[in-house]
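Enquirer: My structure is below; once you've seen it, I'll send some questions.
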Amino acid sequence: MKASVKWTDGRQFVAESGSGHSVVIDGPPDHGGRNTGPRPMELLLMGMGGCTSFDVLNILDKARADVTDCVASLEAERADEVPSVFTRIHVHFTVSGKGLKEKQVARAVELSADKYCSASIMLVQGGVEITHSFTIVEE
0 MKASVKWTDG RQFVAESGSG HSVVIDGPPD HGGRNTGPRP MELLLMGMGG
50 CTSFDVLNIL DKARADVTDC VASLEAERAD EVPSVFTRIH VHFTVSGKGL
100 KEKQVARAVE LSADKYCSAS IMLVQGGVEI THSFTIVEE
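Sequential numbering of the sequence shown, starting at 0, is according to numbering that gives the first Met the number 0.
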C-alpha cells in the first residue's frame, strides 16, 4: 500500500491514495490552516470508522441480513500532553434494516473488533481503549 501527501500552502495538504483517490487535509486558522479539510487525527479516526463499518456490513451481508443503513458514530479522547495520541475511542453503530437479530449484529461488531478491523486492532495494540455499542432500527 502506498500514499503521497503534498503540501499546498499554509497547513493544507492533498493526500492521494495508491488507488488514486485524493483528500484535502488542513489545520485550523490559529495553526496556519484555512479549515478546508479534516485534521490528520480526524482522518485517522474516520479511517478506523470506515474500516470497522466495512467489516460489519460484510459480515452481515454474508449472514444474509437485510441491512438498509449503517452509521458508525465515533468519539475519541486524546492525551493532554504531546504527543496527544488517542487514549479512548467509542464506536456506536446504528444499523437499520428488516428483521435484524440482535445476536447477529452483536457478533458482526465483535468479529470486526477482535478479528478483522486492521485499523482498530492496530490502535488497540498501541494502547488505545476501544469500546463498541450498537442500536438496531427496524424499518
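Glycine included, each C-beta is placed from N, C-alpha and C at the ideal position.
1. How long is the line joining the alpha carbons of A112 and T51, rounded to whole angstroms?
2. S132 bridges to which residues according to DSSP?
3. If you measure between the beta carbons of F92 and A105, is that distance less than 7 Å?
4. Where are the beta strand (DSSP E) runs, 3 residues long or more, that stay fully inside the region 60-118, in chain order?
5. Output the distance between the C-alpha atoms of F12 and R38, rounded to the nearest integer angstrom.
Expert: So, from the listed chains and residues:
1. Counting from one through the sequence shown, the residue named residue 112 turns up at place 113. Counting from one through the sequence shown, the residue named residue 51 turns up at place 52. Going from the Cα of A112 to the Cα of T51 covers about 7 Å.
2. As a working note, residue 132 is residue 133 in the sequence shown. Answer is H91, bridged to S132.
3. Walking along the sequence shown from the start, residue 92 turns up at place 93. Walking along the sequence shown from the start, residue 105 turns up at place 106. Result no, Cβ atoms of F92 and A105 do not sit closer than 7 Å.
4. 65-77 and 85-97
5. One-based indexing of the sequence shown puts residue 12 at position 13. One-based indexing of the sequence shown puts residue 38 at position 39. One C-alpha to the other measures close to 10 Å.
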